[in-house]
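Participant:
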Amino acid sequence: MYLSRVVGTVVAARKYAGLEGIKLLIVQPLDHAQRASGEPHVACDTVQAGPGDLVYCVSAREAALALEPWFVPVDAAIVGIVEHVEAVRP
Amino acid sequence: MCRVVGTVVGAVHHPAYDGHKLLVVEPLDERGQPAGASFLAVDTVQAGIGDRVLVNQEGNGAGQILLRHGTPGGIPKGERRPPIRSLIVGVIDRVDLA
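Taken in order, these protein sequences are the chains called A and B.
Quick note on numbering: the first sequence equals residues 111 to 200 in the working numbering.
Quick note on numbering: the second sequence equals residues 10 to 107 in the working numbering.
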């Protein structure tokens, strides 16, 4: 799992069966000091996140397990909204 | 092997994360130096900031631990694994290098 910032939305009218109604957002992965860490990518939303929110995502097989139905082709899912991160060093 | 460098505080999360403490961990090399980008892991051993910890980064193992609560065996039939991939599974006391 990793921290991310929501930086955009994706609209796709035609999707694989099972992905209807699922909101797609673009997230920028961050490290604990909230510096960019990796490439932005698309993630499915499960927590009603929006652009600008600090969130955490889960990737790979576990991303699909966050969704209903769960046997769907996704790489990343947003599974929480972060209020703040208490970090010991920058 | 990782070091705990922070805690994540948030009100809204997927129901699978109910009651779990989420920590920020930074990978370490064998000498304890930072070795890669930090990520998040669910704590199962009451680790705290600054602790060196063992992290399991694989969803099936994480699912077995979270669903079985320490009893041996695979994932119970019909149960869905939680969408949790990284687990803190131990606090490291000492590392000896030859």
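Cβ atoms here follow ideal geometry from the backbone N, Cα and C, with glycine treated the same way.
List, from N- to C-terminal side, the alpha helix (DSSP H) runs of 4 residues or more that fit wholly inside the segment 157-188 of chain A.
Facilitator: The qualifying runs are 171-175.
Participant: Beta-carbon separation of Tyr26(B) and Gly131(A) under 8 Å?
Facilitator: Cβ atoms of Tyr26(B) and Gly131(A): not closer than 8 Å.
Participant: Just to make sure I have the definition right: I need the residues of chain A whose C-beta is within less than 8 Å of the C-beta of Leu49(B). Which are they?
Facilitator: Under the 8 Å cutoff, chain A gives Met111, Tyr112, Leu113, Tyr166.
Participant: On the three-state DSSP scale, how would you describe Tyr112(A)?
Facilitator: Residue state, collapsed to three classes: strand.
Participant: With a floor of 3 residues, list each beta strand (DSSP E) that falls wholly inside the segment 39-99 of chain B, ordered by position along the chain.
Facilitator: Counting only runs of 3 or more, we get 48-52, 61-66.
Participant: For Val192(A), count neighbouring Cβ atoms within 10 angstroms of its own Cβ and tell me buried if that reaches 16, exposed if not.
Facilitator: Buried.
Participant: Check the C-beta distance from Arg94(B) over to Glu172(A) and give it rounded, since I have them as a contact under 8 Å.
Facilitator: Between Glu172(A) and Arg94(B) the Cβ distance is about 5 Å, and since that is below 8 Å, they are a contact.
Participant: By how many angstroms is the C-alpha of His194(A) removed from the C-alpha of Leu75(B)?
Facilitator: Distance between the alpha carbons of Leu75(B) and His194(A): 25 Å.
Participant: Which of the three DSSP states is assigned to Ala25(B) in this structure?
Facilitator: Of the three classes helix, strand and coil, the one that applies to Ala25(B) here is helix, per DSSP.
Participant: Would you call Thr119(A) buried or exposed, if buried means 16 or more other Cβ atoms sit within 10 Å of its Cβ?
Facilitator: So Thr119(A) counts as exposed.
Participant: Check this for me: beta carbons of Tyr112(A) and Cys167(A), under 8 Å apart or not?
Facilitator: Cβ distance < 8 Å, so Tyr112(A) and Cys167(A) count as in contact.
Participant: Please classify Arg124(A): does DSSP put it in a helix, a strand, or coil?
Facilitator: DSSP places Arg124(A) in coil when its eight states are reduced to three.
Participant: Any chance the segment 63-71 of chain B sits against the segment 181-190 of chain A, with 3 or more Cβ pairs inside 8 Å?
Facilitator: Taking 8 Å as the limit for Cβ pairs, the verdict is that the segment 181-190 of chain A does not touch the segment 63-71 of chain B.
Participant: Could you tell me which chain A residues have their CB closer than 8 Å to the CB of Ala44(B), listed as they occur along the chain?
Facilitator: What Ala44(B) touches in chain A: nothing, since even the nearest Cβ is about 13 Å away.
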